[in-house]
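Have a look at the structure below before the remarks.
Number of protein chains: 2
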Amino acid sequence: MTAARIKEVALKHFAKNGYEGASLADIAAEVGIKKQSIYTHFKGKDELFLDLLDDVFTKELQFSVDYLDRYKELSLDQLLYGFLTQYQVCYEKDDNAKLFLRVSFFPPSHLYDVIVKEGYRYWDTLEKMLIPVFDQAIAAGDISSDISSNTATIAFLAVLDGMFVELLFGGTERSLKRIEASWFVYWRGIKK
Amino acid sequence: MTAARIKEVALKHFAKNGYEGASLADIAAEVGIKKQSIYTHFKGKDELFLDLLDDVFTKELQFSVDYLDRYKELSLDQLLYGFLTQYQVCYEKDDNAKLFLRVSFFPPSHLYDVIVKEGYRYWDTLEKMLIPVFDQAIAAGDISSDISSNTATIAFLAVLDGMFVELLFGGTERSLKRIEASWFVYWRGIKK
DNA sequence: ATCATCCTTCCGAACGTTCGTCAGGATGAT
DNA sequence: ATCATCCTGACGAACGTTCGGAAGGATGAT
């Protein structure tokens, strides 16, 4: 299917150069067709981009849902630390995550509303999934009574973002150091 | 001075739309001149952009240097927490910080090398300034012996990045909540 | 088996617009 | 007279987009 191939290449280009920086001609060239042929499969640049974006957000959310579901019987520290490292391994230099972040932070102006809405959906879902995890840990007496599930969740998402940033900016080795340090301090900060 | 006015407007446009998304015509229009007149003051788009970028990085670094110097006699927790909140207040919706982050994470391809080098300069300087602060606190017995100054610094910069991200993405009220939660956990994580 | 028909896919050519850029001239202050 | 500044005008290149048609496969009737 050519449409799938176009999206595959477009993901790469949008991730690397952003919406404005990516050109249909370049994308088509890498696919091996002319740019006009893209219009056989998509109404235009916007539709290609938004279609792609839907996949990106879905995949990104699916990763978290799957992980938290698969390892829900682990202890809290193993679950959370594993979450960080899994994300780091999976999305190292991954175009999906790169476009996800790029678009979340710096959406193209004329698509701002659509994108921000999808972004909030992602973070809110993630937050709603994490809070019960912490509630359970609090009930089990694993984390300090000074810490609410809300505080623990928000701070954890901040750790996650910090990892993302270093993953994008500094690369693998720097982000590994950051995960190590952040997690060490974070866990020491919430544990009993 | 028109050159200054051009840079002022250009900062806004580059921050909002990125390098590729910002057009000289739009910038000139807002300044109140024709786009060709920009060439009286700058050799081209790249020179304007890089000239601007130098200011941005310098200003960004200067803020940190100034703050840490001015409040160096504060206790560690007051110093660090103040650093976070000061940054948040100063750079809320600030185009300087927005462009700083945008360009650091997603530099235009053809200027990648120049920008990444400046980025590392910033983070390394900040790191080098923070480590002695933590060393001093360790010597004074303010933070746990389980925590090295290196770990504390890296984790703190992660907290800072997490704040940046939420500031850009979620706005003021969300970033305030995040600062509160992150700081609470962070400080509990490193203190004696 | 042949033929007409339809649909999908792709491309050549061109559209109008915007991009960054360059040359040359008008204006006004020093 | 010189200089800086901003202008008009125009440039080639790239952008996203549209249209008409060529190729090929599948379908169904004859």
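Each protein sequence line maps, in turn, to chains A and B. Position 31 of the first sequence, counting from 1, maps to 31 under full-length UniProt numbering, and the rest follow consecutively. Position 33 of the second sequence, counting from 1, maps to 33 under full-length UniProt numbering, and the rest follow consecutively. Even for Gly, the Cβ is constructed at its ideal location relative to N, Cα and C.
Between Val65/B and Ile190/A a beta carbon distance of about 32 Å is seen, past the 8 Å cut, so the two are scored as non-contacting. The beta carbon of Ser149/B lies closer than 7 Å to those of Ile131, Phe134, Asp135, Ile138 in the same chain, with the five residues before and after it left out. In this structure Ile38/A touches Leu24/A by the C-beta definition: roughly 6 Å separates them, less than 8 Å. Residue environment for Lys7/A: buried (at least 16 other C-beta atoms within 10 angstroms of its C-beta).
Rounded to the nearest whole angstrom, the C-alpha separation of His13/B and Gly141/B is 48 Å. Of the residues assessed, Arg102/A falls on the buried side of the cut-off, its CB having 16 or more other CB atoms within 10 angstroms.
Taking 9 Å as the threshold, the shortest C-beta distance from Gly162/A to chain B falls below it. Ser109/A reaches chain B at Lys16, Asn17, Gly21, counting residues in chain order whose Cβ is nearer than 9 Å. Taking the Cα positions, Ala4/B is about 16 Å away from Asp26/B. With respect to Gly119/B, Phe57/B sits close: the two C-beta atoms are nearer than 9 Å. Taken atom to atom, the span from the alpha-carbon of Phe164/B to that of Gly170/B is near 10 Å. Close partners of Lys177/B in chain A (Cβ separation under 8 Å): Ile154. Between Tyr19/B and Gly21/A, the CB-CB gap stays under 9 Å. The alpha helix (DSSP H) runs of length 4 or more contained entirely in the region 112-170 of chain B are, from start to end of the chain, 112-139, 149-169. Fewer than three Cβ pairs drawn from the region 71-90 of chain A and the region 103-113 of chain A lie within less than 8 Å of each other, which leaves the two stretches out of contact.
Not one beta carbon of chain A lies nearer than 9 Å to the beta carbon of Ser145/B. For the 9 Å CB-CB criterion, Asp161/A and Glu166/B form a contact.
The Cβ atoms of Thr40/B and Thr2/B lie closer than 9 Å to each other.
Between the beta-carbon of Ala181/B and that of Ile154/A there is about 4 Å, and that keeps the pair under the 8 Å contact cut. Between Glu180/A and chain B, the shortest Cβ-Cβ separation is below 9 Å. Pairing Lys98/B with Ala15/B gives a Cβ-Cβ distance under 9 Å. Uninterrupted alpha helix (DSSP H) stretches at least 4 residues long and entirely within the region 17-57 of chain A occur at 24-31, 38-41, given in chain order. Burial state of Thr151/A is buried, judged by a 10 Å Cβ sphere holding 16 or more other Cβ atoms. With a threshold of 16 other beta carbon atoms within 10 Å, Ser145/A falls short and is exposed.
Residue state for Lys177/A is assigned as helix, using DSSP reduced to three classes.
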